[in-house]
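Asker:
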Amino acid sequence: MATRARILTAARRLSRTGERPTLAEVAQAAGVSRATVHRVVGSRADLLTAIDADPDPATRDRVLQAALELVGHNGLSGLSMDELAAQAGTSRANLYRLFPGKAALFRELVAAYSPLQPVLEVLEERGEEPPEAVMPELARRAARHLDGRIGLVRTLFLEITGSEPEAESGRELALGRGFGAAAAYIVAQMQAGRLRPMDPALAIQMFVGPVMVHLMTRPVAERFLGELPPLDVAVTQLAEGWLRAMKTEA
Numbered sequence: 001m002a003t004r005a006r007i008l009t010a011a012r013r014l015s016r017t018g019e020r021p022t023l024a025e026v027a028q029a030a031g032v033s034r035a036t037v038h039r040v041v042g043s044r045a046d047l048l049t050a051i052d053a054d055p056d057p058a059t060r061d062r063v064l065q066a067a068l069e070l071v072g073h074n075g076l077s078g079l080s081m082d083e084l085a086a087q088a089g090t091s092r093a094n095l096y097r098l099f100p101g102k103a104a105l106f107r108e109l110v111a112a113y114s115p116l117q118p119v120l121e122v123l124e125e126r127g128e129e130p131p132e133a134v135m136p137e138l139a140r141r142a143a144r145h146l147d148g149r150i151g152l153v154r155t156l157f158l159e160i161t162g163s164e165p166e167a168e169s170g171r172e173l174a175l176g177r178g179f180g181a182a183a184a185y186i187v188a189q190m191q192a193g194r195l196r197p198m199d200p201a202l203a204i205q206m207f208v209g210p211v212m213v214h215l216m217t218r219p220v221a222e223r224f225l226g227e228l229p230p231l232d233v234a235v236t237q238l239a240e241g242w243l244r245a246m247k248t249e250a
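Following this line, the structure appears as structure tokens:
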């Protein structure tokens, strides 16, 4: 029992980096032979199952892609975890090891597919710069991340702005971290006299709304209205319109 515990402890420690350790790596970390690891725990798949690590690194991506499609069709409330496991080509047990429930799954969908990370990167990299530099870059990075993913935009927008309890964790991530970071930047710029004072939540809605509408209607608009400016140019112009509206009076 002590040997098994030492082996599993070593395996969990190695797996914290996100890697799936081999039997040889675990044996070395646990101070036992590879043969001992195999005798006590079994195969590498058995080892990874014992420490709640999926033996196939691609499973997580398949689950998220399948979940995005199913949530788009049925909404989060209508998502069947059994159907998701089947569509992702994994077992129900493995699915629940990765995502204990819909709340954890939706939070990961937001983290992986929403423009949260690009927004945070811009604010971290350029948060000391004035709005004329930061806001157009925010619009460009977010638009590039979402370009060609119209279904994704609609799905995440509807679930984040809805009232489904299981979306609350993802909602907090998107609105708390993403909107929170943007709001903090905008408030600082208002206090510095670079932006017109107003409610920061309304200021963010004024900024996000036109960009989101442009992304969702761009394919249809090009069919009926003709060629539009390149995406970067279009969202830059929208951001510049926001800057003009938010300009302080001389």
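The sequence shown begins at 1 in our numbering and counts up by one. Positions of the beta carbon are idealized from the N, C-alpha and C atoms, including for glycine.
If you scan the segment 134-171 from start to end, which runs of the beta strand (DSSP E) of 3 or more residues do you find wholly inside it?
Answerer: Taking only runs of at least 3 residues, no beta strand (DSSP E) segment lies wholly in the segment 134-171.
Asker: Excluding the 5 residues flanking GLU154 on each side, which residues of the same chain have their C-beta closer than 7 Å to its C-beta?
Answerer: A small fix is needed here, since residue 154 is Arg in this sequence, not Glu. The answer, listed in chain order, is MET216.
Asker: From the DSSP output, in three-state form, read off SER91 for me.
Answerer: Three-state DSSP puts SER91 in coil, outside helix and strand.
Asker: Can you tell which of LEU68, PRO219, GLY89 and LEU195 has its C-alpha closest to the C-alpha of LEU158?
Answerer: That would be LEU68, whose Cα lies nearest to the Cα of LEU158.
Asker: Can you tell me whether DSSP reads ILE186 as helix, strand or coil?
Answerer: In the structure shown, ILE186 sits in a helix (DSSP, three-state: H, G or I).
Asker: Name the residue from GLU25, GLY127, ALA66 and THR59 whose alpha carbon lies nearest to the alpha carbon of LEU47.
Answerer: The shortest Cα separation from LEU47 among GLU25, GLY127, ALA66 and THR59 belongs to GLU25.
Asker: Which whole runs of the alpha helix (DSSP H) in the segment 212-246 are 4 residues long or more, in chain order?
Answerer: Listed in chain order, they are 231-245.
Asker: LEU225: buried (16+ other C-beta within 10 angstroms of its C-beta) or exposed?
Answerer: Exposed, since its Cβ has fewer than 16 Cβ neighbours within 10 Å.
Asker: Short of 7 Å in beta carbon distance, which residues of its chain neighbour ALA221, apart from the five on each side in sequence? Order them along the chain.
Answerer: LEU228, listed in sequence order.
Asker: Buried or exposed, going by whether 16 or more other CB atoms sit within 10 Å of the CB of VAL211?
Answerer: Label assigned to VAL211: buried.
Asker: When the Cα of PRO230 is compared with those of LEU70, ASP147 and THR90, which residue comes out closest?
Answerer: Checked all of LEU70, ASP147 and THR90; the closest Cα to PRO230 is ASP147.
Asker: Just tell me which of ARG60, MET190 and LYS247 has its CA closest to the CA of PHE106.
Answerer: Selected option, being the one with the closest Cα: ARG60.
Asker: Taking 8 Å as the cut-off, does the segment 78-87 touch the segment 114-124 (at least 3 CB pairs, one atom from each stretch)?
Answerer: No: fewer than three Cβ pairs fall under 8 Å.
Asker: Under the assumption that ILE160 contacts GLY170 (Cβ atoms under 8 Å), give the Cβ distance between them as a whole number of angstroms.
Answerer: About 7 Å separates the two Cβ atoms, so the contact holds.
Asker: Helix, strand or coil: which one does DSSP assign to ILE51?
Answerer: Coil.
Asker: Which stretch, first to last residue, makes up the alpha helix (DSSP H) that contains GLU125?
Answerer: Taken as a continuous stretch (DSSP letters only), the alpha helix (DSSP H) holding GLU125 covers 116-126.
Asker: Comparing alpha-carbon positions, which option in ARG140, GLY89, ARG4 and ALA103 lies nearest GLU121?
Answerer: That would be ARG140, whose Cα lies nearest to the Cα of GLU121.
Asker: Short check: CB of ALA29 to CB of ALA10, under 8 Å?
Answerer: In contact: ALA29 and ALA10 (Cβ atoms closer than 8 Å).
Asker: To the nearest angstrom, how far is it from the Cα of ALA2 to the Cα of LEU202?
Answerer: The straight-line gap from Cα to Cα measures roughly 59 Å.
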